[in-house]
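Respectively, the protein sequence lines represent chains A and B. Number 12 in our numbering belongs to position 12 of the first sequence; there are no gaps in the numbering. Numbering-wise, our numbering comes out as the position in the second sequence, counting from 1, plus 1000. Cβ atoms here follow ideal geometry from the backbone N, Cα and C, with glycine treated the same way. All values derive from a computational prediction rather than experimental measurement. See below for the structure under consideration.
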Amino acid sequence: MKDKTFAIILIAITVIGIGVTAALMIHGYNLWKQISIVEMIANWG
Amino acid sequence: MDKNKLTKQLAVIVLVVALFAGLDIAIYQLFIKRVISHHSPGMQKMSVEVDNYVPFTNSDNVHSYQGVVTLDGDIPRIDGAAALLPVYAGFVESIYPEDSVIFNGEDYDPSSAMHYTNTRGAYKDIVDGNADIIICAQPSDEQLAYAEENGVELEMVPVGSDAFVFIVNSNNPVSDITIEQIRDIYSGNITNWSELGGNNVPIAAMRRNKNSGSETALEKLMGDTPIVPDYTTLFGSPIGFSFRYYVTGMLGEGGVKILTINGIAPTAETIADGTYPVAGNIYAIYRKGETNENVYKAVDFMLSPEGQKIVEESGYIPIC
């Protein structure tokens, strides 16, 4: 694999990875704002 | 092509993908999985959605007794805590003129006599003069200081009571706790459930927003003992707190259990007779020296047999 190709693949994976992680955290934060402490403890078995 | 170089490149790619996958799985397991709401019927029954408690909409959730007294003239603006919305929606439907309540489908109109801004907003509004009566649990020191700074003295009339309860996941073998142990948990002196006869698992001591009703109740319970933030919350088994009203609907679900305190469960009887050690009043609060006679008429109604029935039918403990 050429170095340039390798770098592009690595950058693409990193960008996608950061995007997915950020989306997960934003999604979790939005859920956290809506859930009650009671329900959260019920989920926390 | 250098085969060795290609192998290393592929290894790096696989490693980076695995790192992101591991991170995302950890985020899901430790965070997202715990905050997904299942909206079971029991939870829905006790969750307070503002549009389910709009007076004069024939809502089954609002309990009222009309015809005892009807306010006219200068109608007091009423506000309060989220958990107490069922109570004061019942008061309003009983004694307020129907045209004094204006709900626009999402929130109350600024010109409406009834508002819902929750504990923090309500305490600010009563001091700022944007509300004339609020229905809340006891104020925090910060809220009292805000009133004092603004030269406002608050008159607090108990109109009902409820228990401050501590809850754990139903799989937690610990079922009883003492007040001293609660203080030790929230001050960081007890950090593992094994110290309370449970499993060898760290305690995740959960908290609420500053100046919320239940966080204020915790601060009062702690007294002079400082509350130490728990930075290991994600990794332990949780303990949290709430008011009995909120938790009642959850008990049948099997997800949480209420801890007895000093061996006493928070029942209607133990709250009413004071044997449950952390019962607390809910108050009708107005500014001392209030000149609007309707404020006093409204509070009198809340303490009347009909007003107390509303307290009881809304899930709280009447006081008289």
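Considering only DSSP beta bridges, list what arginine 1287 of chain B is partnered with. Beta-bridge pairing by DSSP links arginine 1287 of chain B to B:Leu1154.
Beta carbons nearer than 7 Å to chain B: which residues of the region 13-25 of chain A have them? Going along the region 13-25 of chain A in chain order, one finds Ile13, Thr14, Gly17, Val20, Thr21, Leu24 and Met25 with a Cβ nearer than 7 Å to chain B.
Check whether chain B comes within 7 Å of isoleucine 35 of chain A, counting only Cβ atoms and requiring the distance to be less than that. True, the Cβ-Cβ gap to chain B drops below 7 Å.
Judging by CA-CA distance, which residue of B:Val1012, B:Val1068, B:Val1014 and B:Glu1106 is the nearest neighbour of lysine 1091 of chain B? Strictly speaking, residue 1091 of chain B in this sequence is phenylalanine, with lysine absent from that position. Closest option to phenylalanine 1091 of chain B, Cα to Cα, is B:Val1068.
Kindly indicate the opening and closing residues of the alpha helix (DSSP H) around isoleucine 1025 of chain B. Looking at the DSSP string, the run of the alpha helix (DSSP H) that includes isoleucine 1025 of chain B is 1003-1027.
Run through DSSP, which three-state label would isoleucine 1264 of chain B get? Strand at isoleucine 1264 of chain B.
Just how far apart, CA to CA, sit glycine 1236 of chain B and aspartate 1132 of chain B? Rounded to whole angstroms, glycine 1236 of chain B to aspartate 1132 of chain B spans 44 Å at the Cα level.
Going by C-alpha to C-alpha distance, which of B:Phe1031, B:Gln1143, B:Ala1147 and B:Pro1277 sits closest to phenylalanine 1164 of chain B? Comparing Cα positions, the closest option is B:Pro1277.
Opposite tyrosine 1146 of chain B in the DSSP bridges: which residues? DSSP links tyrosine 1146 of chain B through a beta bridge to no other residue.
May I have the straight-line CA-CA distance separating isoleucine 13 of chain A from threonine 21 of chain A, to the nearest angstrom? Rounded to the nearest angstrom, the two C-alpha atoms are 12 Å apart.
Rank B:Ile1317, B:Met1302, B:Ile1319 and B:Cys1320 by C-alpha distance to the C-alpha of serine 1064 of chain B and give the top, closest one. Comparing Cα-Cα distances from serine 1064 of chain B to each of B:Ile1317, B:Met1302, B:Ile1319 and B:Cys1320, the minimum goes to B:Met1302.
From the DSSP secondary-structure annotation, give me the bridge partner or partners of glycine 1080 of chain B. Beta-bridge pairing links glycine 1080 of chain B to B:Ile1135.
Let me confirm a value: phenylalanine 1003 of chain B is counted as buried when at least 16 other C-beta atoms fall within 10 Å, else exposed. Which label applies? Sequence inspection shows lysine at residue 1003 of chain B; the phenylalanine mentioned does not correspond to that position. Exposed.
Arginine 1208 of chain B: contacting residues in chain A (beta-carbon distance under 7 Å): Taking a Cβ-Cβ threshold of 7 Å, the residues of chain A close to arginine 1208 of chain B are Ile37, in chain order.
For isoleucine 11 of chain A, which residues in chain B fall below 9 Å Cβ to Cβ? What isoleucine 11 of chain A touches in chain B: nothing, since even the nearest Cβ is about 10 Å away.
Name, going along the chain, the residues of the region 1022-1041 of chain B whose beta-carbon falls closer than 8 Å to a beta-carbon of chain A. Of all residues in the region 1022-1041 of chain B, Leu1023, Asp1024, Ile1027, Tyr1028, Phe1031, Ile1032, Lys1033, Arg1034, Val1035, Ile1036, Ser1037 and His1038 have a Cβ within less than 8 Å of some Cβ in chain A.
Residue of B:Val1087, B:Pro1055, B:Ile1190 and B:Thr1191 minimising C-alpha distance to alanine 1137 of chain B: Nearest C-alpha to alanine 1137 of chain B: B:Val1087.
Could you say which of B:Tyr1245, B:Gly1255 and B:Val1062 lies nearest to threonine 1267 of chain B if we only look at CA atoms? Nearest option by C-alpha distance: B:Tyr1245.
Any chain A beta carbon closer than 7 Å to glycine 1280 of chain B: So no, glycine 1280 of chain B is outside the interface.
Anticipated Cβ contact below 8 Å, alanine 1205 of chain B with isoleucine 1239 of chain B, distance rounded: Separation of the CB atoms of alanine 1205 of chain B and isoleucine 1239 of chain B is rounded to 6 Å, and the pair is thereby assigned contact status at 8 Å.
What do you get for isoleucine 1102 of chain B, buried or exposed, if any count of 16 or more other CB atoms within 10 angstroms of its CB means buried? Exposed.
What does the Cβ neighbour count give for isoleucine 37 of chain A, buried or exposed, with the cut at 16 atoms within 10 Å? Buried, since its Cβ has 16 or more Cβ neighbours within 10 Å.
Residues of chain A with CB under 8 Å from valine 1256 of chain B, in chain order? The CB of valine 1256 of chain B comes closer than 8 Å to the CB of Val38, Ile41 and Ala42 in chain A, given here in chain order.
What are the boundary residues of the beta strand (DSSP E) that includes lysine 4 of chain A? Residue range 3-34 is occupied by the alpha helix (DSSP H) that includes lysine 4 of chain A, with no beta strand (DSSP E) assigned at that position.
On the criterion of 16 or more Cβ atoms from any shown chain inside 10 Å, does serine 1212 of chain B qualify as buried, or is it exposed? Answer is buried; the Cβ neighbour count reaches 16.
Using a Cβ cut-off of 7 Å (strictly closer), state whether glycine 1080 of chain B contacts chain A. So no, glycine 1080 of chain B is outside the interface.
List the residues that DSSP assigns as beta-bridge partners of alanine 1205 of chain B. Alanine 1205 of chain B pairs with B:Ile1239.
So leucine 1196 of chain B and isoleucine 1179 of chain B are supposed to be a Cβ contact under 8 Å. How far apart are they, rounded? Contact doesn't hold; Cβ gap of about 13 Å is too wide.
Quick one: what's lysine 1257 of chain B bridged to in DSSP? BP columns for lysine 1257 of chain B point to B:Val1168.
Same chain only: Cβ atoms within 7 Å of serine 1304 of chain B, ignoring 5 sequence neighbours per side: Taken in chain order, the residues that qualify are Val1068.
Given this structure, state the Cα-to-Cα distance separating isoleucine 1126 of chain B from valine 1228 of chain B, to the nearest angstrom. Pairing isoleucine 1126 of chain B with valine 1228 of chain B, the inter-Cα distance amounts to about 31 Å.
DSSP state of glutamine 1044 of chain B mapped onto helix, strand, coil: Low per-residue confidence applies at glutamine 1044 of chain B: pLDDT is 48, beneath 50, and the placement is therefore not dependable enough to give any value.
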